[in-house]
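Student: Take this structure first; my questions come after.
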Amino acid sequence: AGRIRIHHLQQAKDNGEHFAMLTAYEQYTAEIFDQAGIEVLLVGDSASNNVFGNETSLPVTVDELLPLTRAVSRAAKRALVVADLPFGSYEVSPGQAVATGVRFLKEGLAHAVKIEGSAYYADTVKAMVQAGIPVMAHIGFTPQSEHSLGGYRVQGRGDDAQRLVEDALALQDAGAFSVLMEMVPAETAAAVDAAVRVPTVGIGAGKNTTGQVLVWQDMAGLRGGKMAKFVKQYADLRTTLTDAAAAFGGDVRSGQFPGPEHSF
Ligand code: KIV
Ligand code: NA
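full-length UniProt numbering numbers the first residue of the sequence shown as 38 and each following residue consecutively.
Structural data, given as structure tokens:
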């Protein structure tokens with residue numbers, strides 16, 4: 038099968054089908070998720086807190102994300118690779134966003150980029166799409182704005198639902214090929230999905246989106262600590278790796294490793 042392209046995601050929406058998206062930040066997970074049939078890989082700015090050890094997504098830089106993006110793009114043979122533009126790399130002007138987006142396609146070998154923001158960013162999306170950079174728009178809870186939004190809070194409740202519908206329509210009309218919604222009530226996400234022609238992607242947005250995305254370390258149980266309500270854990274890699282490391286350490290201390298079969 039050939040490369041997944043944005044028109045395949047549109048086909049999924051048109052046919053009432055779903056696609057899956059996972060974050061990936063390096064070679065092996067990208068290769069594994071690609072071979073497992075995941076349609077879209079996201080080099081998220083969540084690398085900030087899932088790779089680089091920061092508390093939030095805000096500190097991560099373009100220079101940090103570019104090599105991760107390149108690694109994922111080289112490893113993924115089929116998946117569409119989307120790269121997040123990090124905080125501060127696109128807000129200043131459409132020109133800044135185009136310049137950063139170009140770097141992610143040229144140096145990062147990404148196929149598309151994602152930016153966070155409301156209808157205010159319609160002109161930015163338009164400029165990027167004109168430059169040949171496919172854009173996924175991220176609305177609802179937008180982690181780069183967590184200090185403005187007052188922390189991790191569900192967005193688009195009650196009367197606020199209409200605002201999200203308007204944002205999604207403006208971003209679609211500006212040329213965004215997809216709209217991602219994070220932490221919005223399922224009803225609101227369904228209303229947005231019904232209003233727009235383009236495929237939607239949800240994380241904590243209920244079942245009525247075309248795509249679903251999770252951070253892979255949450256999905257596979259690598260990260261410790263409390264998981265958000267929207268996470269489903271499909272593996273317990275933290276326990277698997279802890280047990281493997283402890284067994285290796287034990288074997289080394291007891292002289293069990295290396296055995297004759299590992300020796301020259
Ligand atoms: O950075 C990220 O991981 C994301 C999603 C989970 C949507 O933006
Ligand atoms: Na992100």
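A virtual CB, placed ideally from N, CA and C, is assigned to each residue, including glycine.
Between the alpha carbons of Q209 and H184, how many angstroms are there, rounded?
Tutor: Along the sequence shown, one-based indexing puts residue 209 at 172. Along the sequence shown, one-based indexing puts residue 184 at 147. Looking at the two C-alpha atoms, the distance is approximately 26 Å.
Student: Please report the Cβ distance between I43 and P171, rounded to the nearest whole angstrom; I am assuming they are in contact, meaning their Cβ atoms lie under 8 Å.
Tutor: Translated into the one-based positions of the sequence shown, residue 43 becomes position 6. Translated into the one-based positions of the sequence shown, residue 171 becomes position 134. Yes, they are in contact, since the Cβ atoms of I43 and P171 sit about 6 Å apart, within 8 Å.
Student: Per DSSP, which one or two residues make a beta bridge with S83?
Tutor: Taking the sequence shown and counting its residues from 1, one reaches residue 83 at position 46. In the DSSP output, where bridge partners are listed per residue, S83 has none listed.
Student: Taking the alpha-carbon positions, what's the R140 to A207 distance?
Tutor: On the sequence shown, residue 140 is found 103 positions in, with the first residue counted as 1. On the sequence shown, residue 207 is found 170 positions in, with the first residue counted as 1. Their Cα atoms are separated by approximately 25 Å.
Student: Which of helix, strand or coil does DSSP assign to I41?
Tutor: On the sequence shown, residue 41 is found 4 positions in, with the first residue counted as 1. If DSSP states are grouped into helix, strand and coil, I41 belongs with coil.
Student: Counting Cβ pairs closer than 8 Å, one from the stretch 245 to 256 and one from the stretch 46 to 59, do we hit at least three?
Tutor: Contact between the stretch 245 to 256 and the stretch 46 to 59 is present, because at least three Cβ pairs lie under 8 Å.
Student: Per DSSP, E219 is paired with what?
Tutor: Reading the sequence shown from its first residue, position 182 is the one you call residue 219. Paired residues: G177, I240.
Student: Quick one: is Y271 buried, meaning 16 or more other Cβ sit within 10 Å of its Cβ, or exposed?
Tutor: Here residue 271 corresponds to residue number 234 of the sequence shown, with the count starting at 1. Label assigned to Y271: exposed.
Student: Looking at the structure shown, is D121 part of a helix, part of a strand, or coil, going by DSSP?
Tutor: Taking the sequence shown and counting its residues from 1, the one referred to as residue 121 is at position 84. Three-state result, D121: strand.
Student: Identify every residue that forms a DSSP beta bridge with A149.
Tutor: Position 112 of the sequence shown holds residue 149. Partner(s): V119.
Student: Which same chain residues end up closer than 8 Å to K269 when comparing Cβ atoms and leaving out the 5 residues on each side of it in sequence?
Tutor: Within the sequence shown, the letter at position 232 stands for residue 269. Excluding positions up to five away in sequence, the list reads L251, M256.
Student: May I ask you to check if the CB of G81 is nearer than 7 Å to at least one heavy atom of the ligand KIV?
Tutor: Against the sequence shown, residue 81 aligns to sequence position 44. Yes.
Student: Using only the alpha-carbon positions, how far apart do residue 27 and G261 sit?
Tutor: Since the displayed the chain opens at 38 and closes at 301, residue 27 lies outside it and no answer follows.
Student: Does E224 pass the burial test, meaning 16 or more other C-beta atoms within 10 Å, or should it be called exposed?
Tutor: For this step, residue 224 is matched to residue 187 along the sequence shown. Flag for E224 reads exposed.
Student: For the ligand KIV, is there any heavy atom lying closer than 7 Å to the beta carbon of S215?
Tutor: Translated into the one-based positions of the sequence shown, residue 215 becomes position 178. Every heavy atom of the ligand KIV is 7 Å or more from the Cβ of S215, so no.
Student: Within this structure, are the beta carbons of G138 and M165 separated by less than 8 Å?
Tutor: Taking the first residue of the sequence shown as 1, we reach residue 138 at position 101. Taking the first residue of the sequence shown as 1, we reach residue 165 at position 128. A contact, by the Cβ cut-off of 8 Å.
Student: Taking the alpha-carbon positions, what's the residue 345 to E68 distance?
Tutor: For the chain, the structure presents residues 38 to 301; residue 345 sits outside this window and is missing.
Student: Since V202 and A228 are thought to touch, with beta carbons under 8 Å apart, how far apart are those beta carbons, to the nearest angstrom?
Tutor: Residue mapping note: residue 202 aligns to position 165 of the sequence shown, counting from 1. Residue mapping note: residue 228 aligns to position 191 of the sequence shown, counting from 1. Contact holds; Cβ gap of about 6 Å.
Student: With distances taken Cα to Cα, identify the nearest neighbour of T237 among Q47, E153, D197, F267.
Tutor: Here residue 237 is taken as the residue at index 200 of the sequence shown, counted from 1. Per the Cα distances, Q47.
Student: Considering A164, what are the terminal residues of the beta strand (DSSP E) in which it resides?
Tutor: Taking the sequence shown and counting its residues from 1, one reaches residue 164 at position 127. Counting along the chain, A164 falls outside any beta strand (DSSP E), though it belongs to the alpha helix (DSSP H) covering 159 to 167.
Student: Helix, strand or coil for G187, going by three-state DSSP, please let me know.
Tutor: Against the sequence shown, residue 187 aligns to sequence position 150. Looking at G187 - three-state DSSP - the assignment turns out to be coil, as it is neither helix nor strand.
Student: Report the rounded CA-to-CA distance for D82 versus I152, giving the unit in angstroms.
Tutor: Mapped onto the sequence shown, residue 82 falls at position 45. Mapped onto the sequence shown, residue 152 falls at position 115. Distance between the alpha carbons of D82 and I152 is about 10 Å.
Student: Quick check: the Cα distance between D121 and A198, rounded to an integer number of angstroms?
Tutor: Position 84 of the sequence shown, counted from the start, is the residue given in the question as residue 121. Position 161 of the sequence shown, counted from the start, is the residue given in the question as residue 198. Spanning the two alpha carbons is a distance of roughly 25 Å.
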